[in-house]
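With numbering that gives the first Met the number 0, the residue at position 109 of the sequence shown is 108, and numbering never jumps.
We treat Cβ as the ideally placed atom computed from N, Cα and C, and that holds for glycine.
Below is one structure, written out as structure tokens; comments come after it.
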Amino acid sequence: MTSLVLGTSFVVLVIVLVARRSRRRFQESDVAFRCRLRLLGHRSALWPSLRRHWSRPMWAMWDEDVLIVRRGPVLARTLPLRTQPLVDGVHNLLFEAPRLCGTRPIGVVLRVWDGAWIEVAAATDDRMKVVGPFLAAAISDLPQAPAPRRRI
Numbered sequence: 000m001t002s003l004v005l006g007t008s009f010v011v012l013v014i015v016l017v018a019r020r021s022r023r024r025f026q027e028s029d030v031a032f033r034c035r036l037r038l039l040g041h042r043s044a045l046w047p048s049l050r051r052h053w054s055r056p057m058w059a060m061w062d063e064d065v066l067i068v069r070r071g072p073v074l075a076r077t078l079p080l081r082t083q084p085l086v087d088g089v090h091n092l093l094f095e096a097p098r099l100c101g102t103r104p105i106g107v108v109l110r111v112w113d114g115a116w117i118e119v120a121a122a123t124d125d126r127m128k129v130v131g132p133f134l135a136a137a138i139s140d141l142p143q144a145p146a147p148r149r150r151i
């Protein structure tokens, strides 16, 4: 009986250590960012459990035009979402801001190849990481530059 308990606890310990190492490796990459996601419009065939409410905090990163989302607290489940170019660019989430995304989170609406619309929210500091390959979209919501003075 004790060998069964010891064997089970050893297996659980190994699984936890492997999951922690995998999560750390994903988080410590230079292109990964912490975000929250929600569904806009109809349900996605790629991710049927994603709802209209903000998800729990997740980690994501871009690989060309594919957003790779790491979901699940223990097992290393990654979900690749092939996206199309952004329409509206980056916008500030003032009134529907999710928690744990900083004081002034930004949002990006992505269209996934199955036709679903997904909104990604992240901290303002991660603006360049969130837009990924669609770098021009990061410029759409920046403050206006001051107008130059005219010399008379």
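Arg-110 is positioned such that its CB atom lies closer than 8 Å to that of Thr-82. For Val-30, the secondary structure class from DSSP, reduced to helix, strand or coil, is coil. Collapsing the DSSP output to three states places Ile-14 in a helix. Take the alpha-carbon of Val-4 and the one of Arg-70: they are about 30 Å apart. The alpha carbon of Arg-76 has as its nearest neighbour, out of His-90, Trp-58 and Val-65, the alpha carbon of Trp-58. Distance from the CA atom of Val-89 to the CA atom of Met-0, rounded to whole angstroms, is 58 Å. The Cβ atoms of Arg-35 and Trp-46 do not sit closer than 8 Å to each other.
In the displayed model, Thr-123 falls within a helix according to three-state DSSP. DSSP places Gly-6 in the helix class (H, G or I) of the three-state scheme. Going by DSSP, Ile-151 is part of no beta strand (DSSP E) at all; its letter is neither H nor E. If you draw a straight line from the Cα of Asn-91 to the Cα of Arg-50, it comes to about 21 Å.
For Leu-78, the uninterrupted beta strand (DSSP E) run begins and ends at 76–83, by DSSP. When DSSP states are grouped into helix, strand and coil, Arg-69 belongs to the strand group. For Ala-115, there is no enclosing beta strand (DSSP E), since its DSSP letter is neither H nor E. When the five nearest sequence neighbours on each side are left out, the beta carbons in the same chain lying within less than 6 Å of the beta carbon of Pro-97 are those of Arg-35, Trp-53 and Ala-120, in order along the chain.
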